[in-house]
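One structure below.
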Amino acid sequence: MAKEKNLKSIVKGTISGIEAHKGEIYEIYDKTRVEIEDVKNRIKKAGEELKNRETNRAKLESEEQKLKKELAKASLKFSEEEIEKAYDRLVELEKGRVEAEASVERLMVEREQLITREHHLNTMYNQAKHYTYAIGAALTYLSQELEGIAYRIDDLEEERLMGAKVIKAQEEERRRFSRELHDGPLQELTAIMYDTAVSEKLVTRDPENAIASIQKTRRNLRRTIGDIRQVIFDIRPMALDDQGLVGAIHELCVNLTERNIIEAEFVTSGKEHKFPVHTQVAIFRIVQESLNNAAHHSGTKKAKVVMRFTESALEVMTEDKGKGFDVEAVKKAPRDIDEHFGIISMRERAELVGAKFNIVSEKGKGTKVSIIATYEK
727 MAKEKNLKSI VKGTISGIEA HKGEIYEIYD KTRVEIEDVK NRIKKAGEEL KNRETNRAKL
787 ESEEQKLKKE LAKASLKFSE EEIEKAYDRL VELEKGRVEA EASVERLMVE REQLITREHH
847 LNTMYNQAKH YTYAIGAALT YLSQELEGIA YRIDDLEEER LMGAKVIKAQ EEERRRFSRE
907 LHDGPLQELT AIMYDTAVSE KLVTRDPENA IASIQKTRRN LRRTIGDIRQ VIFDIRPMAL
967 DDQGLVGAIH ELCVNLTERN IIEAEFVTSG KEHKFPVHTQ VAIFRIVQES LNNAAHHSGT
1027 KKAKVVMRFT ESALEVMTED KGKGFDVEAV KKAPRDIDEH FGIISMRERA ELVGAKFNIV
1087 SEKGKGTKVS IIATYEK
């Protein structure tokens, strides 16, 4: 009886505390909604501006190529003064094109940051919305019914563990992207800084070698820009927003094939169903991880992704005909061994969005990773 009274006292205290902070949570919910609208407008404007800048860049590039062709034929038709003016114009065009390319790259990064911000805000908004409704329901429930409240402890613990899984997954993603930036683009940019310093010293002493050094630096810079674009794609593939889940996974397969990482065949059937953004991201990451595993561990350079939209669910299967592995042995192995394959990470991603995850593999018979995501009613 004493325990029951104590429990009731705890519940009453909880009710008072919840009521005191209910208004604060609603204020967060309302402010987040306003900020989401602002970010959406900024993303839209950035997209429009990106198109304009890309058009301008393409125009400058076209004019530059046209002028180069004219100069190639101009030596016999024009005076030395006219040719000199044409070369000056060519230099202006090239400078304008380079500035336009840099402008496009900067805006792409800004747009990606806005999209990431929108995703975080949507998560916060949905959580605040959920908590607002949950608090109202909890207050009603706690006010009318005190018995059986202890049974909620298990549910709360499960929510806590799920939240911990989300945080852990986010930290693992950040660590991986940080490592990719450090090992790739950042080291390359450091080398480019060194090359520019060398070119600067050569300008007056050895102009010919200075030009060659600048050209080398430009090539390295283009390659680094490509690497940064790839990291951006890994962080948040723009195709998810522009083309949807099917388009994003198709682009992923094409990208891996073109980069000679793995020849990824893509097949889809049925009418595409629109999933919430967080569900699309989870499915995309699972497919991406599956293909990366196939590329690095299967011993084969071919894989296949099949997406099938049925009347009630999306079924996605990633398959390779590689050497396979013992799934149960990996599950029982130390955590760092499992991370080698990312099975727990993929399974947790699926669970977070309510999807079913399964992996079938056998030594010498390849691997199949499947996801089933039912449509929300």
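If you count the sequence shown from 1, position 129 lands on 855 in the working numbering, and the numbers rise without skipping. Cβ coordinates follow ideal geometry from the N, Cα and C atoms, glycine included.
Reference residue i, options the options, closest by Cα
i: Ala1021; options: Ile1097, Phe1001, Gly1092; result: Gly1092
i: Val1031; options: Phe1051, Thr943, Glu989, Val1053; result: Glu989
i: Ile751; options: Glu775, Tyr851, Thr1026; result: Tyr851
i: Leu1017; options: Phe1001, Leu982, Val1007; result: Leu982
i: Thr943; options: Asn935, Thr922, Thr930; result: Thr922
i: Val824; options: Arg945, His999, Ala772; result: Arg945
i: Glu984; options: Ile1085, Lys1027, Asp968; result: Lys1027
i: Val1053; options: Ser1087, Arg1075, Lys1047; result: Ser1087
i: Thr1005; options: Cys979, Leu971, Glu934; result: Leu971
i: Ala682; options: Lys855, Ser1024, Glu1015; result: Outside the displayed range of the chain (727 to 1103) lies residue 682, so it cannot be described from this structure.
i: Ala828; options: Ala1055, Arg948, Leu978; result: Arg948
i: Lys794; options: Asp814, Asn986, Ala1099; result: Asp814
i: Ile1069; options: Gly773, Gly1048, Ile1097, Glu780; result: Ile1097
i: Leu840; options: Gly1025, Gly973, Arg1073, Asp967; result: Asp967
i: Glu1074; options: Ile1012, Ala1029, Lys1094, His1023; result: Ile1012
i: Ala1090; options: His1023, Lys1103, Lys811; result: For clarity, residue 1090 is Gly in the given sequence; the question names Ala instead. For Gly1090, the nearest C-alpha among the options comes from His1023.
i: Gly773; options: Glu838, Lys821, Ala826, Lys757; result: Glu838
i: Ala1099; options: Glu775, Ala1029, His999; result: His999
i: Glu753; options: Glu807, His846, Arg779, Lys855; result: Lys855
i: Tyr775; options: Glu807, Ala826, Lys821, Thr930; result: Contrary to the premise, residue 775 reads as Glu rather than Tyr in this sequence. Cα-wise, what sits closest to Glu775 is Ala826.
Coarse secondary structure for residue i, derived from DSSP in three states
i: Val993; result: strand
i: Asp814; result: helix
i: Asn1084; result: strand
i: Asp967; result: helix
i: Thr842; result: helix
i: Lys855; result: helix
i: Lys821; result: helix
i: Ile987; result: coil
i: Lys770; result: helix
i: Lys698; result: It is not possible to answer for residue 698, since the shown part of the chain is limited to 727 through 1103.
i: Lys1094; result: strand
i: Glu873; result: Any reading at Glu873 must be qualified, since the residue scores a pLDDT of 45, below 50, and its modelled position is unreliable; no value is offered.
i: Ile879; result: Note on Ile879: pLDDT 47, under 50, position unreliable in the model; the coordinate value appears next. Note: Ile879 maps to helix in three-state DSSP.
Cβ neighbour criterion (16 or more within 10 Å) applied to residue i
i: His976; result: buried
i: Glu1045; result: buried
i: Glu884; result: Per-residue confidence for Glu884 stands at a pLDDT of 49, beneath the threshold of 50, marking its modelled position as unreliable; no derived number is given.
i: Glu763; result: exposed
i: Glu790; result: buried
i: Val817; result: exposed
i: Ile1009; result: buried
i: Ile937; result: exposed
i: Val830; result: buried
i: Glu991; result: exposed
i: Tyr1101; result: exposed
i: Ser1071; result: buried
i: Gln941; result: exposed
i: Glu873; result: Since pLDDT at Glu873 reaches only 45, below the 50 mark, its modelled position is unreliable, and no value is offered.
i: Ala1055; result: exposed
i: Arg759; result: exposed
i: Glu934; result: exposed
i: Gly1025; result: exposed
i: Val980; result: exposed
i: Asn1019; result: buried
i: Ile879; result: Interpretation of Ile879 is limited by its pLDDT of 47, a score under 50 that renders its predicted location unreliable; the figure taken from the coordinates is listed afterwards. It is exposed - the Cβ of Ile879 has fewer than 16 other Cβ atoms within 10 Å.
i: Glu844; result: buried
Quiz item: When the Cβ atoms of the region 989-1008 are set against those of the region 1029-1043, are three or more pairs found closer than 8 Å?
Solution: yes
Quiz item: Are at least three pairs of beta-carbons, each pair with one atom in the region 1038-1053 and one in the region 1079-1089, less than 8 Å apart?
Solution: yes
Quiz item: At what residue ranges does the region 992-1079 contain a whole run of the beta strand (DSSP E), taking only runs of 3 or more?
Solution: 1028-1035, 1039-1046
Quiz prompt | contact_flag[the region 781-790, the region 832-846] where n(CB pairs < 8 Å) is 3 or more | solution = no
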